[in-house]
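Reviewing the structure listed below.
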Amino acid sequence: MVRTTIACARCRRYKVKCMHSGSPPCRGCAKAGAEACSSCVLSLPTLSSKKRHRPVRGVPTDTPHPQHPTLNTTWPEAGNVFNEKFPEIPFLHMSSFRKSLQSSIRKENEISGTPVAHGRAEFGRATALYAALIAVTLPIIEPDRKRDEYAALAKRLVSVDDAADIYQVQALVVLAIYEWGDGKPYRAWIYSGMAIRLVQLIGSIIDPQKTTELQRAIHNRTFWSCFVLDRLVFCGKPQPPALPLASIDTHWPSLDTDFAFGTSGIKLFPGKTFEDSPRSIVEDIDGYFSLLVQGIDIWSDILKWVVSGGRRHPDVVASKETPWSARSSWRTNYQRLQLWRQKHGNRIRYPDVSVDGHVSLRRGNGEAFAYVNLIYHVSMLFLCREYIPFLPTPNSRPCGPVDPPLLEELAPSGWWEDRANDLFSASSNITALLSELKREGAPLLTPFAGFCAFSAATMNIYVACFPQMNLGRSKGRESDLDVDLAYLDEFQARWPMGAGWWATIQRIRDLYQRASEDRSRYAGKTRADFIRLETSIHDCTGASPGESSEFVGLENREMARQEHHSKYHKQAT
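Under my numbering, read the sequence shown as residues 1112 to 1684, first letter to last.
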């Protein structure tokens, strides 16, 4: 195998090495399956410069056609990439969407003298989703290309004043993910709320007698995509869910195969005999979405508990609960997570099963497999991180909190050692999982994956600086941090939200490295001295501690103290 300037379009699109022997298919396409093999064509890169399309401004109302930014050329790629890279919102049924979009564009081209406003009402529904798909996938397909004009077009075409339409809901879902990645959580939260209200409205008026099985399946998947979004995107601290699981009366998502063919499968409902059903354990990635939905619900509760105070929450402090007690908040979340993990069949558990097998089966399988496992490992990371010391000493071993509120009971023998192993195994598994995906030609560079990589990096820095906090069991994983930093550097070049995480990681690394090299500089310092930094560690919106953070203030005070100490000795001599 050699690396040359000759490559296939798929490898260029994902910006990975195209490994081949001089003739197709390349190794990446061979692993991706028969469809990719048949379309694998090796060629030299195009040297001609691309024309950049400027946003159209001031379009008069009598313009014959609405000015769309190159919508006719990129939609198949955008739709396919979306289905592969965003397994958390898999509502797009490609064949039916393709027909709707082509019909809309054909009608638009046939009608002359259509004002822009009228064009929105007549053609905007599928076209709005199309433009949103391009905007959210361009950071993956072509990160240097402007995507804000496509997002602006999607926003212009979406109108809640029109009759409720499933494409409107889907466009709003995609716009929420786009704004989240663009570092605008407030806008993302607004679009998410609009999507939820519209999908509820459609659900209340849908007539099963007048809809096909496929139409109902598309609505079902769109509904559960809104459910996922409700738990991923928020403004500030997590809000009470707009779609609480206990009040949902629609069935869990269908299998991918049933959805693709529009066929009716087994319908199981939340809270009704799921644990006793044949599908309680999901053995194949074909049924991943229902598993993912349940995992996201658990993850959001864990995140909400942590950012609402965790072990410092007034209720936890007042009850003097310990994490190992049977009815503690920590143990309740931990047991829910483990019960969910027991539903993962042997072939969809990482690291028991590697990524390459799933990547080789079908495009998008590797990403779906990764997403389910990322949910588990990042949930474990957040739970087990809650009780460890924020700033240990170089010789610290696994233990509970060293700053208030302290625990009044001693932990069972080996309890802290086991939690340390859970914590640092989770961070290492996240790093390895994302690295394997990239190596197999299926890199996952989307907002939630980026947050998982960022969370893993915080703990990989921690254990690299304080190895005894895992009893030296992380020895040999020193390269994990370098892998995390390479991922986050690439991520921030594609998504603005990554800049905040990058800044936070640099602060954390500086703090832990200095504390591990000279503990006397931080004698007596605890989590209370780094509130903003810790808050940014938990933040899934990409917020950074900022230049005015207490970390900078602490460093300035330390420098002033040293200068004063130096002047005092000079005067004394």
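All C-beta atoms, glycine included, are put in the ideal place defined by N, C-alpha and C.
Would you identify the three-state DSSP class for residue i, choosing helix, strand or coil?
| i | result |
| --- | --- |
| Ala-1118 | strand |
| Phe-1197 | coil |
| His-1362 | coil |
| Phe-1202 | coil |
| Ser-1440 | helix |
| Val-1247 | helix |
| Met-1670 | Residue confidence for Met-1670 is low, a pLDDT of 42 falling below 50, so the modelled location carries little weight; the figure read from the coordinates is stated next. Three-state DSSP puts Met-1670 in a helix. |
| Cys-1151 | coil |
| Gly-1587 | coil |
| Lys-1257 | coil |
| Ile-1317 | coil |
| Phe-1501 | coil |
| His-1424 | coil |
| Arg-1508 | coil |
| Trp-1606 | coil |
| Phe-1345 | coil |
| Ser-1375 | coil |
| Ser-1211 | helix |
| Asp-1514 | coil |
| Pro-1296 | helix |
| Ala-1353 | coil |
| Asp-1078 | As displayed, the chain neither begins before 1112 nor continues past 1684, which places residue 1078 out of reach and without an answer. |
| Leu-1309 | helix |
| Glu-1432 | coil |
| Val-1594 | helix |
| Val-1269 | coil |
| Leu-1521 | coil |
| Gly-1468 | helix |
| Ser-1303 | helix |
Starting from the Cα of residue i, find the closest Cα among the options and give me that residue.
| i | options | result |
| --- | --- | --- |
| Leu-1268 | Arg-1236, Thr-1361, Leu-1249 | Arg-1236 |
| Lys-1549 | Arg-1508, Leu-1622, Trp-1363, Phe-1602 | Phe-1602 |
| Arg-1327 | Ser-1207, Ile-1216, His-1424 | Ser-1207 |
| Trp-1416 | Tyr-1399, Pro-1351, Val-1152, Ser-1471 | Pro-1351 |
| Gly-1511 | Leu-1283, Gly-1561, Arg-1422, Arg-1584 | Arg-1422 |
| Tyr-1241 | Lys-1218, Gly-1406, Met-1570, Ala-1265 | Ala-1265 |
| Asp-1397 | Pro-1201, Asp-1629, Lys-1128 | Pro-1201 |
| Gly-1611 | Arg-1584, Pro-1656, Arg-1638, Asn-1444 | Pro-1656 |
| Asp-1412 | Val-1339, Trp-1435, Arg-1473 | Val-1339 |
| Asp-1629 | Trp-1527, Phe-1577, Trp-1441 | Phe-1577 |
| Thr-1333 | Gln-1579, Leu-1309, Thr-1443 | Leu-1309 |
| Gln-1311 | Pro-1355, Leu-1343, Tyr-1289 | Pro-1355 |
| Leu-1704 | Asp-1640, Arg-1605, Met-1608 | Residue 1704 falls outside the range modelled here, since the chain spans only 1112 to 1684, and no answer is possible. |
| Val-1285 | Arg-1632, Tyr-1302, Gln-1446 | Tyr-1302 |
| Asn-1194 | Arg-1138, Tyr-1461, Ile-1251 | Ile-1251 |
| Asn-1346 | Ala-1479, Asp-1529, Trp-1606, Ala-1287 | For the record, residue 1346 in the displayed sequence is Cys; it is not Asn. Ranking the options by Cα distance to Cys-1346, first place goes to Ala-1287. |
| Arg-1508 | Arg-1584, Pro-1364, Pro-1515 | Arg-1584 |
| Cys-1495 | Pro-1515, Arg-1474, Trp-1526, Ser-1546 | Trp-1526 |
| Ser-1270 | Gly-1456, Arg-1620, Ala-1239 | Ala-1239 |
| Asp-1650 | Arg-1605, Tyr-1598, Phe-1559, Lys-1586 | Phe-1559 |
| Glu-1188 | Cys-1129, His-1204, Thr-1248, Ile-1216 | Thr-1248 |
| Trp-1052 | Pro-1364, Ser-1315, Asp-1360 | Only positions 1112 to 1684 of the chain appear in this structure, which leaves residue 1052 out of reach. |
| Gly-1294 | Leu-1644, Gly-1609, Ser-1436 | Gly-1609 |
| Ile-1409 | Cys-1119, Leu-1343, Gly-1561 | Leu-1343 |
| Lys-1257 | Arg-1643, Ala-1604, Arg-1625, Thr-1368 | Ala-1604 |
| Ala-1371 | Leu-1414, Asp-1395, Leu-1325, Tyr-1399 | Leu-1325 |
Give the DSSP bridge partners of residue i, in chain order.
| i | result |
| --- | --- |
| Phe-1334 | Beta-bridge pairing links Phe-1334 to no other residue. |
| Val-1393 | His-1455 |
In terms of residue numbering, what span does the alpha helix (DSSP H) encompassing residue i cover?
| i | result |
| --- | --- |
| Glu-1547 | 1526-1550 |
| Ile-1288 | 1277-1292 |
| Ile-1616 | 1609-1628 |
| Cys-1140 | 1138-1143 |
| Asn-1571 | 1558-1576 |
| Glu-1478 | 1476-1496 |
| Ser-1401 | 1399-1418 |
| Thr-1646 | 1642-1649 |
Worksheet entry | Given 8 Å, three or more beta-carbon pairs between the segment 1483-1503 and the segment 1438-1453 | yes
Item to complete: Please confirm if the segment 1587-1599 is in contact with the segment 1518-1526, defined as three or more CB-CB distances below 8 Å between the two stretches.
Response: no
Fill in: the segment 1537-1546 touching the segment 1565-1580, judged by at least three CB pairs closer than 8 Å
yes
Worksheet entry | Sufficient close CB pairs (3 or more, under 8 Å) joining the segment 1520-1536 to the segment 1552-1559 | no
Discussion item. Would you call the segment 1426-1442 in contact with the segment 1452-1467, where contact means no fewer than 3 C-beta pairs closer than 8 Å?
Written reply: The segment 1426-1442, when compared against the segment 1452-1467, does not touch it at the 8 Å Cβ threshold.
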